[in-house]
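Residue numbers for the sequence shown follow our numbering, beginning at 764 and rising by one.
Yeah, the Cβ is synthetic: ideal placement off N, Cα and C, and Gly gets one too.
All of these numbers come straight from a predicted model, not from anything done at the bench.
Below is one structure, written out as structure tokens; the observations come after it.
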Amino acid sequence: MVVVYTLLILFLIESVFGGVSYNWTYTYDASSTAWNPLKGLVPYYYGTASQPQVNFPHSMENQYFPMKNLMSGPNSFDFSSIDTVLRNTASRNHHAIVRVYVDYPGKNLSLSVPDFLWNGLTLYSGGSGQGLFPDYNNQTLINAMVTLIQALGRAYDGDIRIGFWQVGFLGHWGEWHTSPNSSYFASSSYQSQIIAAFTSSFARTKLQLRYFAVTGNYNPTSLNVGFHDDSFFQDTYGASWMFYNTSVTVGAMNQWRSQPIGGEVRPELMPCAFASNPVTACGSITALTPLDWPTCVQLTHSTYQWLFYAFSTPGYTGSDYNRAVNGSIMQGYSFYVSRITATEMTCSGLSHVMRIAITMSNAGIAPFYYPLILNVKAVDTTSSSPDVYKSISVPISNQLDQISFVYSFDIAVQTNGVIQFSIWLSSPNLVGSQAIVFAVSGANTSGIIQLPTVSIGSCAMVSSSASCTSYMASAQANGTQGTSYASSSNSGNFSDPCLSFVTFTTTTSTTATKNNCPSVPMNTMMLMNLFALIFLCIISTI
């Protein structure tokens, strides 16, 4: 009888302090993330070609659309040109960045202003080589824009083929200015009508405005919109009127925490942007002086920048090419998994519950702005048991300031199996075969981290008074990720994951979140039960 009680107590001690656990650690390395979606350097749309002239890493393409191509009457629309672009970009596993314009300096205005709007429309000269532009304070023109925006929202809001939609419409190139004739630009009232039309028509697709200080009658921080710096690397920071400095002045320097920042590298500086000494290199081709690329990215928290030079012949070569790739990678998000553990939590009969705990941070300078999901899959490689999938949402609040969070998944597996665990990130906004690759050494471009296999031993319940023995017999390297791992049966390795990090836990196929640690940890309750049983053992032997 004493032996039976001893076995029972040993079983409870193991249950209290946890079973065998395995630990895999990873080294940060973002070099495999150059093709990650919805970030980085961007070319202009390249039609039906399979790739641009230079296939520099990219995941998006930018395209402007003249208003005339989309609207032929007060309520007559033709979106076939947009549909063609979205279809072609998606076929290449890319997103599109979209903007509609009304005037394009240097081009004939008749190509972009719908015919039905010409009657009574005042035109202004844009100066030498700029051609004409319309009166942006014309209510009939503004009304037509609002009607078109509403129709575009009905057609495309939430279309996952669209990465970002720039508000456009007003000003040269749709960039919200008529420089050097600034007095002819739309008044705050007309600006507000365009902004209101967009924000009421697009609730899911991310929007961007050009200037922090040109937002109609709105405070920029009250708007669910991001911004784009179309003179990036030249007018990004320094003087009070520049992009970043203006964001500070109006109190919108943290807009990036929920809304995307993008733009276009100043065209004159594109060829020399990634030279070993950009100031010297640019000085030989332009009077403009470049800024510091990392500083521009870090201050603005840029997610993407258009830079067509990288994708056109000759493009960047040699060390300039490598620096350009790094300049692209440093933008946007960069998800780093520093540690994964697999710990046996419970066993009963033929069933084991394994807790997969993933320590992950966004080591980048901006979040992923669309819904993001962390997934785990368990495959029993020795049986026909169904694969087990678990997933949990990764909110933007968990993607800021390089803070690590632990995401825990409890997964039931069967005795005598060899289990392969895999983890990956996904989003309903990815197109085609896009994958979000982790910033870890040796990362697979599929975006999947596949753990070494884990063998699950027996968990035999002889009777209510017998011990439950469980073990993971072995962990075998599987040639994945170049990770290091160590197994340990030290019961002290088990601890409440809430102690060091905010922990998000799923225990069923539906996602659940746990933000606070339990007031009485599971180990405490089990320890109380252990003491009670020890007391019973002592009483029964007297």
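**Asked** At what residues does the beta strand (DSSP E) containing M1123 begin and finish?
**Response** 1114 to 1125
**Request:** Please report the residue range of the alpha helix (DSSP H) in which S844 lies.
**Result:** 843 to 854
**Asked** Which residue or residues does DSSP assign as beta-bridge partners of L804?
**Response** Q1068
**Request:** Tell me whether Y981 sits in a helix, a strand or coil according to DSSP, three-state version.
**Result:** coil
**Prompt:** Excluding sequence positions up to five away, which residues of its chain have a Cβ less than 8 Å from the Cβ of T1271?
**Reply:** In this prediction, T1271 scores a pLDDT of 28, lower than 50, which makes its location untrustworthy; no coordinate-derived value is stated.
**Request:** Mark G1090 as exposed unless 16 or more other C-beta atoms lie within 10 angstroms of its C-beta, in which case mark it buried.
**Result:** By the 10 Å Cβ count, G1090 comes out buried.
**Prompt:** With DSSP run on the structure shown, which of helix, strand or coil describes W928?
**Reply:** W928: strand per DSSP, three-state reduction.
**Asked** If you count every other CB in all the chains shown that lies within 10 Å of the CB of A1198, and 16 or more means buried, which is it?
**Response** buried
**Message:** What does the alpha-carbon distance come out to for the pair T885 and N838?
**Reply:** 22 Å
**Message:** Beta-carbon within less than 6 Å of V817's beta-carbon, same chain only, minus the 5 sequence neighbours each way: which residues are those?
**Reply:** F1074, G1078
**Request:** Measure the C-alpha to C-alpha separation of K802 and W1056 and round it to an integer number of angstroms.
**Result:** 16 Å
**Start-to-end residues for the beta strand (DSSP E) that takes in P1041** = Where P1041 is concerned, there is no enclosing beta strand (DSSP E), although the alpha helix (DSSP H) it sits in stretches over 1041 to 1046.
**Alpha-carbon to alpha-carbon, M1123 and I1159** = I1159 and M1123 have their C-alpha atoms roughly 13 Å apart.
**Message:** One question on the structure: do S1065 and D992 come within less than 9 Å of each other, judged by their Cβ atoms?
**Reply:** yes
**Message:** Any contact between the segment 823 to 831 and the segment 849 to 859? By contact I mean 3 or more CB pairs, one from each, below 8 Å.
**Reply:** yes
**Prompt:** Where does Q1018 sit, in a helix, a strand or coil, going by DSSP?
**Reply:** DSSP places Q1018 in helix when its eight states are reduced to three.
**Request:** Give the secondary structure of P1284 by DSSP, where H, G and I count as helix, E and B as strand, and everything else as coil.
**Result:** Only weak support exists for where P1284 lies, its pLDDT of 34 falling under 50; the coordinates are left without a value.
**Item:** Where N832 falls: helix, strand or coil (DSSP)
**Value:** helix
**Request:** Would you mind stating whether V1116 and V1176 have Cβ atoms separated by less than 9 Å?
**Result:** yes
**Stretch pair the segment 916 to 927 + the segment 956 to 970: three plus CB contacts closer than 8 Å** = Yes: at least three Cβ pairs fall under 8 Å.
**Message:** Is the beta carbon of Q1165 closer than 9 Å to that of A1129?
**Reply:** no
**Asked** Are there 16 or more other CB atoms within 10 angstroms of the CB of I1048, so buried, or fewer, so exposed?
**Response** exposed
**Message:** Mapping the DSSP letters down to three states, classify Q1197 as helix, strand or coil.
**Reply:** coil
**Asked** Is it buried or exposed for V783, if we count other Cβ within 10 angstroms and need 16 for buried?
**Response** Looking at its Cβ environment, which holds 16 or more other Cβ atoms inside 10 Å, V783 is buried.
**Item:** Residue span of the alpha helix (DSSP H) that contains N1008, given as start and end
**Value:** 1006 to 1012
**Prompt:** Based on Cα-Cα distance, which residue from H940, P1041, T984, I1024 lies nearest to S1082?
**Reply:** P1041
**Request:** For K870, write down the residues that DSSP places opposite it in a beta bridge.
**Result:** Partner(s): none; K870 has no beta bridge.
**Message:** For a cutoff of 9 Å on Cβ pairs, would you count D922 as touching chain B?
**Reply:** Judged by its chain identifiers, the structure shown contains no chain B, having just a single protein chain.
**Request:** Find out if the Cβ-Cβ distance for the pair L804, W1069 is shorter than 9 Å.
**Result:** yes
**Prompt:** Looking at N786 and T1104, is the spacing between their C-beta atoms short of 9 Å?
**Reply:** Yes, the pair counts as a contact, with Cβ atoms nearer than the cut-off.
**Prompt:** Three-state secondary structure (DSSP) at R1086?
**Reply:** helix
**Request:** Give me the Cα-Cα distance between G1195 and I1119, rounded to the nearest whole angstrom.
**Result:** If you take the alpha carbons of G1195 and I1119, they lie about 29 Å apart.
**Item:** Where the beta strand (DSSP E) through S1111 begins and ends
**Value:** 1098 to 1111
**Prompt:** Can you give the Cα-Cα distance for Q1213 and G926, rounded to whole angstroms?
**Reply:** 29 Å
**D850 burial status per 10 Å Cβ neighbour count (16 or more: buried)** = Checking the sequence shown, residue 850 turns out to be Arg, not Asp. It counts as exposed.
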